[in-house]
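Those protein sequence lines, which keep their order, are chains A and B.
Under the numbering used here, the first residue of the first sequence is numbered 1, with each subsequent residue one higher.
Under the numbering used here, the first residue of the second sequence is numbered 1001, with each subsequent residue one higher.
We put the beta carbon where it would ideally sit given N, CA and C, even for glycine.
Small disclaimer: the values here were computed from a predicted structure and weren't measured.
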Amino acid sequence: MACIEARGLRKAFGATVALDGLDLRVEEGRILGLIGPNGAGKTTALNAILGLVPYQGELRVLGRDPWTERDRLVREVSFIADVAVLPRWIRVSQALDYVAGVHPRFDRAKAESFLAKTAIKRGSRVRELSKGMVAQLHLALVMAIDARLLVLDEPTLGLDILYRKQFYDSLLNDYFDKTRTILVTTHQVEEIQDVLTDVAFIDRGRIVLECSMEDFESRYLELMVSPERLAAARALGPIHERQVLGRSILLFAGAERQRLAELGDVRTPGIADVFVAVIGKETGQESAGPGAAR
Amino acid sequence: MRTRPMYWSVRRELWENRSITLAPLSVAAALLVGFQVSIVRQPERVRADVLAPFSVAAGLLSITAFLVGAFYCLDALHGERRDRSILFWKSLPVSDLTTVLSKASVPLVVLPFLTAPVVVLTQLVMLVISLAPLVQGGGVASYWARLPLFQSWVAMLYSLAAMALWHAPVYGWLLLVSGRVRQAAFLWAVLPPVVLSVVERVAFGTMYLSAFFTDRLTGWYTRGFVLPRPGAPALEPLAAMTPVRLLHAPALWGGLVFAAAFLAAAVRLRRYREPI
């Protein structure tokens, strides 16, 4: 069964169309990165999946309609909307008490043991913790919930690189297994490229690319070529081209690795580079993208 | 594992809004200081009308409960959007109905149940600190005879219940405004009744609306008690209560219908609206 299945998902706020017929299918046990420029409809898509806003079109999450069956679904879906949503007045012990008191699938011992590995004190209020510690606390609460879908919306925004790495390491080692599904949006896409099993690009309310990382890696190739071979490489029809230190880097979709290797160094491109090529083509501008948006 | 979303939601409100407990306690402490001073400086005045300071204490603590409840409601559904914590609350299996009802229960249930023991304790302390000077004056027996404390406690419980029911639509309105506005909740809550009253006065020369809104604040008293008449001796607390008249007042039941409608609208708003 698909964990998330959206067909023709639409959502408009007045004259602004946030979702314009979005199609998406995420199988159980996958980690999907949803990548898109600011204002592409990422958060609206997540809100629809979480049952936070009504929508038009067809949407099933864990086999349920998230809007009409939100009360049942919310027990099986966890959600971290960036780092700053834990109430600042709450004490760590109160947060544990509260989640334990309202969530039937929360395992308090698990949260406690995760917190024991951090420097977070039980008596501290959230406002007294550093940003990184707040993220650790939120992660401890969420990882102790036995959920089938975890939605992360910019979960590491504003954290330093150590906390960001730790965040995803914990998620992969202590939480993720084949029965769970993770949906994550982030602008720091290079950092999670190895974490993802699937990637989807969203632009102007539509999915413009959706594939597994294996397909991604076999489909997209990056060729670093010296000036004298540039013309030959260009003849093979790259989808994007950029200059780095006097050498040209050409991005190919569906080209033969063997033929490219004859012209220069071939490697797997970063998601960000493919994103710039694909979305830049769509919008007719080449500078927009996760790298530029940061 | 058994969960109790309502219970924990109410506790959560008490964790966040410590003024719910601190305000009545601070007012009680201030009252006791004032009473102590009055005993030292004007013992004959205390002897002349022994019940008065006790009634003032009960009255002031009840008004405190109303004010705390009103300001709490104004912020209750606004604060969680302002600090974006609504995204955390909504990630947990607590429905919008439970959330709004837990917030409404603070002024309607928690504050009355909290105020009653604070009033009783305050009055007991007042009794203790007023006994010593009065024993010296030799009037303890007559003092006690003129101090119908148990009766006044019954009247106080009745007042708290009557106030909560009568003010329910006020709290409902404040919660709805709090869930609706992006800023200046107080203005949006208070301006409509004030402006409507003034417009009516200007346009028709009548004051029905201002009378209506005033009654919404004070009607529990004017209908729930025999009003003291100037010159006539004050009635004992129990004799002054008119619960039957209060319960027969259509405005009481109409108000409760409005309260339910306001709360339903607040639930719907929290459910349908973009969280931030």
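Where residue i falls: helix, strand or coil (DSSP)
| i | result |
| --- | --- |
| A/V225 | strand |
| B/G1172 | helix |
| A/H103 | coil |
| A/R280 | The identity of residue 280 of chain A in the sequence shown is Gly, whereas the question assumes Arg. DSSP places A/G280 in helix when its eight states are reduced to three. |
| B/R1012 | helix |
| A/Q176 | Rather than Gln, the amino acid found at residue 176 of chain A in this sequence is Phe. A/F176: coil per DSSP, three-state reduction. |
| A/Y55 | coil |
| A/I80 | strand |
| B/A1052 | helix |
| A/T156 | coil |
| A/L86 | coil |
| A/K11 | strand |
| B/M1207 | coil |
| B/A1249 | coil |
| B/Q1151 | helix |
| A/H240 | strand |
| A/R60 | strand |
| B/V1094 | coil |
| A/L139 | helix |
Contacting residues, own chain, Cβ-Cβ under 7 Å from residue i (five flanking each side not counted)
| i | result |
| --- | --- |
| A/A277 | I239, H240 and L251 |
| A/P104 | R75 |
Distance, residue j Cα to residue i Cα
| i | j | result |
| --- | --- | --- |
| A/R88 | B/L1014 | 15 Å |
| A/L183 | A/I279 | 20 Å |
| B/R1268 | B/P1275 | 12 Å |
| B/F1066 | A/A45 | 42 Å |
| B/Y1221 | B/L1060 | 14 Å |
| A/R148 | A/T181 | 6 Å |
| B/F1262 | A/S170 | 45 Å |
| A/V85 | A/R127 | 11 Å |
| B/A1265 | B/L1176 | 7 Å |
| B/L1217 | B/A1251 | 12 Å |
| B/L1121 | B/M1006 | 29 Å |
| A/L139 | B/V1068 | 35 Å |
| A/A12 | A/L263 | 48 Å |
| B/R1081 | B/G1179 | 9 Å |
| A/I31 | B/Y1072 | 42 Å |
| A/V225 | A/R259 | 13 Å |
| A/E154 | A/D82 | 5 Å |
| A/R257 | A/D265 | 10 Å |
| B/W1286 | B/V1257 | Outside the displayed span of chain B (1001 to 1276) sits residue 1286 of chain B, for which this structure offers no information. |
| A/L19 | A/E228 | 45 Å |
| B/K1103 | A/E217 | 52 Å |
| B/A1259 | A/D194 | 54 Å |
| A/F106 | A/K121 | 20 Å |
| A/F114 | B/G1254 | 53 Å |
Same chain, Cβ closer than 8 Å to residue i, five either side skipped, listed in chain order
| i | result |
| --- | --- |
| B/R1045 | S1038 |
| A/N47 | V53 |
| B/E1200 | T1206, M1207, Y1208, L1209 and S1210 |
| A/T179 | E28, G29 and R148 |
| A/V208 | F201, I202, V278, I279 and E282 |
| A/A292 | Legend: pLDDT at A/A292 = 38, less than 50; position of this residue unreliable, no value from coordinates given. |
| A/V134 | V83, A84, L86 and V126 |
| B/V1087 | Rather than Val, the amino acid found at residue 1087 of chain B in this sequence is Leu. Cβ within range, chain order: P1275 and I1276. |
Beta carbon of residue i nearer than 8 Å to that of residue j
| i | j | result |
| --- | --- | --- |
| B/M1156 | B/A1058 | yes |
| A/E190 | A/I90 | no |
| A/L50 | A/C3 | no |
| B/D1049 | B/R1271 | no |
| A/G132 | A/S93 | no |
| B/Q1123 | B/L1149 | yes |
| A/M143 | A/Y175 | yes |
| A/I80 | A/L24 | no |
| A/R219 | A/G254 | yes |
| A/E214 | A/D273 | no |
Minimum C-alpha distance to residue i - residue among the options
| i | options | result |
| --- | --- | --- |
| B/P1192 | B/L1114, B/W1173 and B/S1095 | B/W1173 |
| A/E210 | A/E76, A/I35, A/V151 and A/V244 | A/I35 |
| B/M1241 | B/A1161, B/R1216 and B/S1085 | B/A1161 |
| B/V1118 | B/F1054, B/Y1143 and B/V1170 | B/F1054 |
| B/V1198 | B/F1186, B/A1185, B/F1213 and B/A1184 | B/F1213 |
| B/L1032 | B/S1062, B/L1114, B/S1019 and B/I1129 | B/I1129 |
| B/A1076 | B/E1236, B/R1018 and B/S1062 | B/R1018 |
| A/T16 | A/R204, A/R108, A/L129 and A/E58 | A/R204 |
| A/L60 | A/A109, A/L22, A/D198 and A/K121 | Residue identity differs from the one stated: residue 60 of chain A is Arg in this sequence, not Leu. If we check each option's Cα against that of A/R60, A/L22 comes out closest. |
| A/D160 | A/G237, A/S130 and A/A261 | A/S130 |
| B/L1238 | B/L1147, B/S1009, B/W1166 and B/F1204 | B/L1147 |
Neighbourhood of residue i by C-beta, 6 Å cutoff - its chain only, sequence neighbours within 5 removed
| i | result |
| --- | --- |
| B/A1249 | R1223 |
| A/E286 | Confidence at A/E286 is low in this model, with a pLDDT of 44, below 50, so the placement of that residue should be treated as unreliable; the coordinate-derived value is given next. Result list for A/E286: G280, in chain order. |
| A/L230 | S248 |
| A/T118 | Q136 |
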